[in-house]
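Notes follow once the structure below has been shown.
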Amino acid sequence: MINETIKLKDFYKNINSDSKLVTYCPDNFEEFSTGRKRKAILIIPGGGYEFTSQREAEPIALAFLGHDIATFVLEYTIGEFEFPKPIDETFAAILYIRQNAEKYHVDANKISLMGFSAGGHLAASTTMLMEDNYFSKLLDCKQEELKINGLLLGYPVITMDPNFTHAGTARCRTHGNKEMIEKFSIEKHVTNKFPKTFIFLTSEDNAVPPENSLRFASELVKHHIPVELHMYPEGGHGLALGNEITNWHKEDKVYKDVETWIYHALEFVKEKI
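Quick note, the sequence shown lines up with residues 19 to 291 if you use my numbering.
Quick look at the structure:
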């Protein structure tokens, strides 16, 4: 396995933060995988822009890694920040993966984003802005080098509508600014440029209401974007893998149906991306 921690500012002069990219990539071996190129997933943990969840980072990466998918975890700017710093960092991470595809044995045309909760909002926001040449100019690259080939979301924050959003995420993202609330209600800005999308959530989530995912999925359908949606009847917010590995506490309930999401996601990446 290629396991490294990359400081993005060391590669991109306009990234002036301490954001990091952690790699979990299968190596190639003469015996059975010479020359293999793998699909890649850039994982963006949640945490309401106040922290980055460890439960939605390495355990998720290792789950995909075990199925021969190259995974990367982004440690992005949290707390007080100037827009669009975390989006800058996400695009920088995509660019780094694509520019170093040979090193990490990655197929440069098969790079997906996966975000959880607030990280889902960051992933969806980045996807929404994929055609904006501000970011290619910032990173001194071609527009196509920032392409996102697939989008996977776990119980994501999508809307900034105060009736349905996650208050902490909305506060950090918009600071109550009406223009920003409109701009970062992702469901209002879906186009036919969005990639194939996978979403999972629970109907009992009272931190990020299901309307976030349902509104987004509805807009994807309207724009003829293939979308796979799994909504489980039980379980609260932030279940990560949904099993004993990522439970908050040893005694926490395991929702056997929720923990199947990873297998559906694996099938989605292998067959659809």
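Beta carbons: idealized from backbone N, C-alpha and C, even for Gly.
In this text the structure is predicted, and so the values were computed from the model without any measurement.
Rounded to whole angstroms, how far is the Cβ of residue i from the Cβ of residue j, which I believe are closer than 8 Å?
i      : j      : result
PRO104 : TYR114 : With a Cβ gap of about 15 Å, PRO104 and TYR114 do not count as contacting.
PHE153 : LEU164 : 6 Å
ILE61  : LEU92  : 7 Å
PRO174 : GLY138 : 2 Å
ASN32  : LEU140 : So it is not a contact: roughly 18 Å between Cβ atoms.
LEU247 : SER221 : No, LEU247 and SER221 are not in contact; Cβ-Cβ is about 12 Å, not under 8 Å.
ILE78  : LEU131 : The pair is not a contact, with the Cβ atoms about 13 Å apart (cut-off 8 Å).
LYS290 : LYS214 : 5 Å
ILE96  : ILE112 : Not quite, the Cβ-Cβ distance comes to about 19 Å (not below 8 Å), so this is no contact.
GLY64  : SER135 : 3 Å
Under a Cβ-count criterion, where at least 16 other Cβ atoms within 10 Å of its own Cβ denotes burial, should residue i be classed as buried or exposed?
i      : result
TYR122 : buried
TYR244 : The residue asked about is misnamed: residue 244 is Pro in this sequence, not Tyr. Counting Cβ neighbours within 10 Å, PRO244 comes out exposed, since fewer than 16 surround it.
PHE50  : exposed
HIS184 : Bear in mind that the predicted position of HIS184 carries a pLDDT of just 48, short of 50, making it unreliable; the figure below should be weighed with that in mind. Answer is buried; the Cβ neighbour count reaches 16.
ASP275 : exposed
TRP266 : exposed
ASP106 : buried
PHE69  : exposed
PRO251 : exposed
Assuming contact is defined by CB atoms lying nearer than 7 Å, are residue i and residue j in contact in what I supplied?
i      : j      : result
ASN46  : ARG56  : no
THR253 : TYR273 : Sequence check: residue 253 is Gly here, not Thr. Yes, they are a contact pair.
What residue from the options has the CA that sits closest to residue i's CA?
i      : options                        : result
PHE29  : ALA110, PRO77, LEU83, ASN224   : ALA110
MET178 : ASP150, ASP270, THR145, PHE234 : PHE234
Entirely enclosed alpha helix (DSSP H) segments - the segment 79 to 120, minimum 4 residues: Secondary structure remark: continuous alpha helix (DSSP H) runs of at least 4 residues inside the segment 79 to 120, in chain order: 103 to 117.
Just to confirm the assignment: which complete beta strand (DSSP E) runs, minimum length 3, are found wholly within the segment 183 to 263? Considered as a whole, the segment 183 to 263 harbours 215 to 220, 245 to 250 as its complete beta strand (DSSP E) runs of no fewer than 3 residues, in chain order.
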